[in-house]
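Visitor: Counting from 25, one number per residue, gives the positions in the sequence shown under this note's numbering.
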Amino acid sequence: MEATVLNGSCLCGRVTYKSSSLPTSFSYCYCRACRRHTGSAFGAWMDVPHLSFEIEEAGFMLQQKSDLAIRSSCKDCGSPMFMTYYAQPDTIAVAAGTIDEESVQGKLAKLDSHIFVSEKPGWFRLPDDGVKRYEKFPPGYENALETWKRKTRKT
């Protein structure tokens, strides 16, 4: 692994990780699975290339919350940690709140999309922040998803 540019951990510190790449994108996801997984109005996810990412202390459990992705949380404290979409196996989505900001070498990605706004809870008002909004996934991911579904025959 190249030089580490960020570290992170769960609340209790059992799950720790490092990355040699800064996040390439940052999104708020309002889908039902993210809301239930985080206990919030949205999940905040930063995408990192999988090959640059290393889990140092593994005390997490994998969870299948949908047929599109696998998620993980700490076994001890329950902190949401990572998510990988089957259609994008080269990318790992890191729960943004687990990144130790003081460890970051460089600039973190700024929020660049609100996704699944069609599933946003009625009690939450989207900020007027000028960030792109998508009813479901952004178009680029929609294409990757359709290709993955054809390959795996999931329709």
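Note that the Cβ used here is the ideal one computed from N, Cα and C, for glycine as well.
Enumerate in chain order the residues of its own chain whose CB-to-CB distance from Glu159 is below 7 Å, with the five nearest sequence positions on each side excluded.
Guide: Val141 and Ser142
Visitor: With respect to the beta strand (DSSP E) encompassing Val53, which residues constitute its N-terminal and C-terminal limits?
Guide: Here residue 53 is Cys; the residue named in the question, Val, does not match the sequence. The continuous beta strand (DSSP E) containing Cys53 extends over residues Ser49 to Cys53.
Visitor: Measure the CB-CB distance between Ser97 and Met105 and report whether it falls below 8 Å.
Guide: Yes.
Visitor: So, do the region 35-48 and the region 60-75 have three or more beta carbon pairs nearer to each other than 8 Å?
Guide: Yes, since at least three Cβ pairs between the region 35-48 and the region 60-75 fall closer than 8 Å, the two stretches touch.
Visitor: Given this structure, state the Cα-to-Cα distance separating Trp172 from Pro163, to the nearest angstrom.
Guide: 14 Å
Visitor: CB-CB under 6 Å to Ala117, same chain, minus the five flanking residues each way: which ones, in chain order?
Guide: Trp69, Asp71 and Met107
Visitor: Mark Arg174 as exposed unless 16 or more other C-beta atoms lie within 10 angstroms of its C-beta, in which case mark it buried.
Guide: exposed
Visitor: Find out if the Cβ-Cβ distance for the pair Arg59, Pro145 is shorter than 8 Å.
Guide: yes
Visitor: So the candidates are Cys36, Val29 and Ala168; which of them puts its Cα closest to the Cα of Phe84?
Guide: Cys36
Visitor: Judging by CA-CA distance, which residue of Ile94, Asp153 and Ala111 is the nearest neighbour of Glu166?
Guide: Ala111
Visitor: In the DSSP output, what is Tyr109 paired with across the bridge?
Guide: Ala93
Visitor: Does the separation of the CB atoms of Ser49 and Asp153 fall below 8 Å?
Guide: no
Visitor: Taking just the CA atoms, how far does Cys53 sit from Lys156?
Guide: Roughly 12 Å between the two C-alpha positions.
Visitor: Just how far apart, CA to CA, sit Gly32 and Ala119?
Guide: 10 Å
Visitor: Using 10 angstroms around the beta-carbon of Arg56, count the other beta-carbons present and answer buried if the total reaches 16, otherwise exposed.
Guide: exposed
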